[in-house]
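Here the sequence shown is numbered in this note's numbering, starting from 1 and rising by one per residue.
Report on the following structure.
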Amino acid sequence: MEKGKSKGETGQILVLGALVAVVLFGFTALAIDVGFFLRHRALVQQAVDASALAAAQELPDDKVLAEEMAREYAEKNGIDPDTLEILFSCTSQFALACDPGNDKWDTIQVTGHMDIPFFFAPVLALAGTEDECFLGTCPAVNSAAACRGLCGSSPFQAVDVMTVIDHTGSMSSDDLQGAKDGAMALYEYFNEDMQRVGLTVTPPVEPGDYCDSIDTWGDPEVYTPVPLTNDYQTSPGVLDPGSDLVNYTDCLDRPSSSELPGSHTKIGEPIKAATQELVTNGRPGEKWGIIFLSDGAANVYQPDTIDADTGFLSPSANAAVTSSAGDDNGFQTGATGAYADGGTVATDSNSGDGTSTSCGSSSKDKHRYYNYGISVPGGADVTGIEVRLDARIDSTSSSTRKMCVELSWNGGSSWTSAQTTANLSTSELSYFLGGSSDDWGHSGWDSGDLSNSNFRVRITNVGSSTSRDFFLDWAAVKVYYSTPAPGAALGPCDYAMQQADAAKAAGIEVFVIAWGADDECDNDDPSSPWYQDEAVDLLRAMATDDLHFFEEPKTSDLEPIFQIIGTQLATGSRLVPLAP
């Protein structure tokens, strides 16, 4: 025995050590069991959300089938259908569709239950009530959701949706795969005849083909590699591996440290890019949505410049090229039909006097459009020009049937290299050439170059047969430019919130999935309302409302989340808060 230390003292140390072990074990029980409980409660909530949304499609006319659908979808999502509690009611908003006397209802409420076994707490025999779930088995996890079916609505309605996926370095390979699986589940669930989908990513990528470019980050920055498309399925529920949307999503990868040094979680810019795509190319009168997934707060400030564009502008003057240009008559019938979207069309009948397929051939008919009234602010830097041609052809029997476009900045004395559409279809489609960062090989565009006296668009009709008739409904031009940001640049979280508000103001439903978001808005100015606020709070505020927000741990299966969102967008039904 050591000098000065008694047996009694040694015993006290052992007792204290045992007590500490019990306390530590208790904390372990609390952390693991409560975490397990909360995780399963979220799963039950997802299941009843999906059940209610699926069932609502049968309302108000078929209550029996609605209940069958609710139980079927609950079982698909891991809930015993026999444990569901289902109630039907009528709401004031849709009262005309309700007739309780004839068993017609517009609202279904689903409550799900799941027994959750605890692992450590029973060993401790912790005291408590059953509701506190301390006795080894939580008797039930009760979650509820209600869904209102819009009476007379189609099971699927037309929707344009932009998926926005965070693929920064903080997303592990498994995390990113989970996000991609969720997006793919949405593509499978949708009907490409009704829903168009596009892909926006952050960080941005370089332009290119699929896997060759999707994992890079450089200049120019492309946030939307896949614009809105209805080409992503070979048949209902079966994805097309050859589609841009499926390929880009499948190949999405984390940038390497050499490609993307440091933190580059831009949130404002991709939301802005997705909004621009919907506003520019979304179908008027149809529903628009953004589904944004991120695992953290924005940490990249708004740039010192603000990007803008003129919108698509129409010409008010035109002239056929009448020398060494095929038949020398361009669009010989109704050339002014290309001044506006819709209405009459410009027609080039039996185009050209030769079968060359070169844009520069003298055997091809050519036409100039000008006087676009382009105006950009003083001091603006023109970053790109985009030309939109709404066009069609009389027949697809010719192997080549395209339009070539060149731009002039000096009244037609000089021309850029030509850009070419895809082969035209017999149905009128919109063809976009150039873009937000494409200067067409002429650097330093300025207001003088874009003036009515200098700016020209030359369109050449190229067919491998002189029997082809070309039709042009609109020859529009959009100019992209940047201007210095007024005053102090916004902080990253402020800027993200600003862009989310702009999307909502444009009538876009914004769904946000916070996936394991656990950092703070610590890059904002201390005067910002978001300074050191939790990332999850920012992401929640960016959503349209709480029913458009999903907070999930990274261990979650995101496929049902994307399907729940897709159901809300495409079926005309809504999750609604229940009365307390």
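Built from N, CA and C at the ideal position, the CB exists for glycine as well.
From a predicted model like this one, the values you see are computed outputs, not experimental measurements.
Residue i versus residue j: straight-line alpha-carbon distance, rounded
{"i": "A95", "j": "D62", "result": "Summary for A95: the model assigns pLDDT 48, below 50, so the residue's position carries little reliability; its value from the coordinates is reported in the next sentence. Those two C-alpha atoms are separated by around 16 angstroms."}
{"i": "T567", "j": "T347", "result": "43 angstroms"}
{"i": "S397", "j": "D438", "result": "33 angstroms"}
{"i": "T137", "j": "D49", "result": "Low local confidence applies: a pLDDT of 38 at T137 is under 50, so the model's placement there is unreliable, and no value is given."}
{"i": "L293", "j": "T460", "result": "43 angstroms"}
{"i": "K104", "j": "A47", "result": "24 angstroms"}
{"i": "F550", "j": "S89", "result": "26 angstroms"}
{"i": "G149", "j": "V161", "result": "Because the pLDDT at G149 is just 49, under 50, the model does not fix this residue reliably, and the value given afterwards should be weighed accordingly. Their Cα atoms are separated by approximately 21 angstroms."}
{"i": "T83", "j": "F511", "result": "30 angstroms"}
{"i": "V659", "j": "H113", "result": "Outside the shown range of the chain (1 to 580) lies residue 659, about which nothing can therefore be said."}
{"i": "I564", "j": "L53", "result": "8 angstroms"}
{"i": "M184", "j": "E559", "result": "8 angstroms"}
{"i": "A55", "j": "S172", "result": "36 angstroms"}
{"i": "P60", "j": "P100", "result": "10 angstroms"}
{"i": "D181", "j": "G373", "result": "46 angstroms"}
{"i": "R71", "j": "G435", "result": "49 angstroms"}
{"i": "Y431", "j": "S464", "result": "20 angstroms"}
{"i": "D446", "j": "D309", "result": "14 angstroms"}
{"i": "I291", "j": "G444", "result": "37 angstroms"}
{"i": "S356", "j": "P284", "result": "39 angstroms"}
{"i": "Q499", "j": "T224", "result": "16 angstroms"}
{"i": "F190", "j": "E509", "result": "17 angstroms"}
{"i": "G178", "j": "T234", "result": "23 angstroms"}
{"i": "T129", "j": "N230", "result": "Residue confidence for T129 is low, a pLDDT of 33 falling below 50, so the modelled location carries little weight and cannot support an answer."}
{"i": "L313", "j": "F562", "result": "37 angstroms"}
{"i": "P526", "j": "A273", "result": "28 angstroms"}
{"i": "H548", "j": "W288", "result": "14 angstroms"}
{"i": "D449", "j": "V376", "result": "11 angstroms"}
{"i": "E188", "j": "A380", "result": "43 angstroms"}
{"i": "C521", "j": "D106", "result": "42 angstroms"}
{"i": "K402", "j": "L186", "result": "34 angstroms"}
Under 8 angstroms between C-beta atoms of residue i and residue j
{"i": "A570", "j": "F470", "result": "no"}
{"i": "V457", "j": "R368", "result": "yes"}
{"i": "Y248", "j": "L199", "result": "yes"}
{"i": "D250", "j": "S482", "result": "no"}
{"i": "N350", "j": "T168", "result": "no"}
{"i": "Q196", "j": "L228", "result": "First, the residue type needs correcting, since residue 196 is Arg and not Gln in the sequence shown. The answer is yes: Cβ separation under 8 angstroms."}
{"i": "A66", "j": "I108", "result": "yes"}
{"i": "G334", "j": "T322", "result": "no"}
{"i": "K554", "j": "D175", "result": "yes"}
{"i": "D365", "j": "G330", "result": "yes"}
{"i": "W409", "j": "F455", "result": "yes"}
{"i": "P236", "j": "V222", "result": "no"}
DSSP bridge partner residues for residue i (one or two, in chain order)
{"i": "E551", "result": "A514"}
{"i": "Q233", "result": "L239"}
{"i": "F309", "result": "The sequence shown places Asp at residue 309, not Phe. Its beta-bridge partners are Y480."}
{"i": "G434", "result": "E386"}
{"i": "H367", "result": "A320 and I459"}
{"i": "S294", "result": "A514"}
{"i": "A475", "result": "L389"}
{"i": "R283", "result": "Per DSSP, none; premise fails for R283."}
{"i": "S408", "result": "R456"}
{"i": "K104", "result": "D99"}
{"i": "M198", "result": "According to the sequence shown, residue 198 is Gly rather than Met. G198 pairs with M162."}
{"i": "G289", "result": "V161 and E509"}
{"i": "V222", "result": "V205"}
{"i": "D174", "result": "Paired residues: none, contrary to the question."}
Closest Cα partner of residue i within the set the options
{"i": "D533", "options": "G491, V510 and A502", "result": "G491"}
{"i": "G582", "options": "H367, S573 and V201", "result": "Absent from the structure is residue 582, since the part of the chain shown begins at 1 and ends at 580."}
{"i": "G411", "options": "H442, S395 and Y370", "result": "Y370"}
{"i": "L539", "options": "G237, F331, M497 and A319", "result": "M497"}
{"i": "P315", "options": "A297, T336, S323 and K364", "result": "T336"}
{"i": "V164", "options": "S451, P553, L245 and G352", "result": "L245"}
{"i": "K266", "options": "Y495, V382, Y431 and T420", "result": "Y495"}
{"i": "D80", "options": "A543, T111, G334 and V64", "result": "T111"}
{"i": "N519", "options": "V536, G384 and S417", "result": "Contrary to the premise, residue 519 reads as Asp rather than Asn in this sequence. Out of V536, G384 and S417, V536 has the C-alpha closest to the C-alpha of D519."}
{"i": "D647", "options": "S413, S451, S427 and Q419", "result": "Given that the chain is displayed from residue 1 to residue 580, the structure contains no residue 647 and the question cannot be resolved."}
{"i": "E552", "options": "T234, K272, D295 and V222", "result": "D295"}
{"i": "S363", "options": "Q332, D328, R401 and T234", "result": "D328"}
{"i": "T416", "options": "L429, L424, L313 and L433", "result": "L433"}
{"i": "L424", "options": "E406, L389 and S414", "result": "L389"}
{"i": "Q419", "options": "S399, T400, V387 and S413", "result": "V387"}
{"i": "S556", "options": "S51, N77 and S324", "result": "N77"}
Proximity test, Cβ basis, 8 angstroms: residue i and chain B
{"i": "K366", "result": "Going by chain labels, chain B is absent from the structure shown, which holds only one protein chain."}
Query - contact_flag[the segment 339–353, the segment 463–477] where n(CB pairs < 8 angstroms) is 3 or more - result: The segment 339–353 vs the segment 463–477: in contact.
Query raised in the report: Between the segment 512–521 and the segment 268–284, are three or more C-beta pairs nearer than 8 angstroms?
Result: Fewer than three beta-carbon pairs drawn from the segment 512–521 and the segment 268–284 are found closer than 8 angstroms, and the two stretches are therefore not classed as touching.
**Report entry** At least three beta-carbon pairs within less than 8 angstroms, the segment 439–451 to the segment 500–512
**Finding:** Short answer: they don't touch.
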